[in-house]
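Inspection log for the structure reproduced underneath, given as structure tokens.
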Amino acid sequence: MSELHRPWAWLALGGVALLATGYLHNGPRDTQSEPGTEATRLAVADAVAAPATAATGDPLPEPAAGQRYYLRPDGGSPAQCSGTADAPYPGSGRQRACAWQSLHQALPADGPARIEGGDTLVLAPGEYMIGLGAPGTDHGGCDEEAPWDCQLAPVPSGPSADRPTRILGRDPAHPAVLWGNERVSAMLNLNGSSNVEIGHLEITDKSECVEFHATSAARCKRDSAPYGKWASSGITASNSRNVHLHDLDIHGLAN
0 MSELHRPWAW LALGGVALLA TGYLHNGPRD TQSEPGTEAT RLAVADAVAA PATAATGDPL
60 PEPAAGQRYY LRPDGGSPAQ CSGTADAPYP GSGRQRACAW QSLHQALPAD GPARIEGGDT
120 LVLAPGEYMI GLGAPGTDHG GCDEEAPWDC QLAPVPSGPS ADRPTRILGR DPAHPAVLWG
180 NERVSAMLNL NGSSNVEIGH LEITDKSECV EFHATSAARC KRDSAPYGKW ASSGITASNS
240 RNVHLHDLDI HGLAN
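According to numbering that gives the first Met the number 0, the sequence shown is numbered sequentially starting from 0.
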């Protein structure tokens, strides 16, 4: 892991009680910007410290209740798989005991979420596209005319601080990779989400472009589709409390 620097970059937060532990890392991306312009990337209002009840980078204790769901790159759609087993889709049948294959299936843009407050969503190692073109984005909420709005639904709030809704990579040594596509404005949506834990994930995109770079050759395409394999921000949150972010490698991204 390279030097930890600007750990707040690409987190757009407002009115959030945030506990960030472990590492929050962003890789360098040349912005040709003047010092102090990080303020344009981070909007924080009335932020307060989260309770110091989980001061390590380890996951919070297992919740007392809540369903566990699974994602795997070789999983299936909600019609094919229940999402409640860490197993691939076997290739035929409906509502089999197997994992889903996309966060857009667990948290569809047009809602409602298929997970509930206090549930745990476990991601197997591998890559998961966020944005237009990902499995689960072929219906309402994701439109080629405005692909930047093809975001995940907000993570449902957990019922209490000790029963958070959790989105976790299964293997801390090999974090699941979330990557943004087609100018999606944010990778994870915590707007209005409280009592949430996010950990053991890599959040990035697959472009070196910068959204408002001074040099046209380095600037992200914004004038017409297709826009490319880039996303604006990693995590967006507002009016949230008891948010525990840990062991996140947030890098790249256009802002």
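Where a beta carbon is used, it is the ideal one built from N, C-alpha and C, also for glycine.
Quick caveat, the model's predicted, so the values are computed rather than measured.
Under the three-state reduction of DSSP, D148 is assigned to helix. Beta-carbon to beta-carbon, A123 and S192 are separated by about 23 Å, too far to satisfy the 8 Å threshold. Every beta strand (DSSP E) stretch that sits fully inside the stretch 122-188 and reaches 3 residues is listed by chain position as 126-129, 164-168, 175-179.
It is roughly 15 Å from the alpha-carbon of D170 to the alpha-carbon of Y127.
The beta carbons of P163 and V195 sit closer together than 7 Å.
In the DSSP assignment, A78 falls outside any beta strand (DSSP E) and carries neither an H nor an E. In the structure shown, the three-state DSSP call for A217 is helix.
A distance below 7 Å separates the beta carbons of D204 and L252. For H245, the uninterrupted beta strand (DSSP E) segment begins and ends at 230-249.
Within the DSSP bridge table, the entry for D204 names G179 as partners. Boundaries of the alpha helix (DSSP H) around H103: 102-105. In the three-state reduction of the DSSP assignment, H212 falls in the coil class. Of the residues assessed, A145 falls on the exposed side of the cut-off, its CB having fewer than 16 other CB atoms within 10 angstroms. For E196, the beta-bridge partners assigned by DSSP are R165, H243. Exclusion of the five residues before and after H103 leaves A133, G135, T136 as the residues of its chain whose Cβ lies within less than 6 Å of its Cβ. Taking S76 as reference, the option from S91, Q66, V183 with the minimal CA-CA separation is S91. Annotated as proximal: C149 and V183, with beta-carbon spacing under 7 Å. Counting only the Cα atoms, E210 lies some 16 Å from M186. For the options E207, N188, S215, W178, the alpha carbon positioned closest to that of L200 is the one of W178.
Between G227 and the set A112, D246, H250, I129, the nearest pair of CA atoms involves I129.
The C-beta distance from G116 to S156 rounds to 5 Å, short enough to fall under 8 Å. The bridge partners DSSP lists for Y69 are V121. Of all alpha-carbon atoms in H212, A213, N188, the one lying nearest the alpha-carbon of I202 is that of N188. In this structure, the beta-carbon distance from W99 to A105 falls below 7 Å. Between the alpha carbons of T83 and L151 lies a distance of about 20 Å.
Taking a C-beta distance under 7 Å as the contact criterion, G74 and D118 do not qualify as a contact pair.
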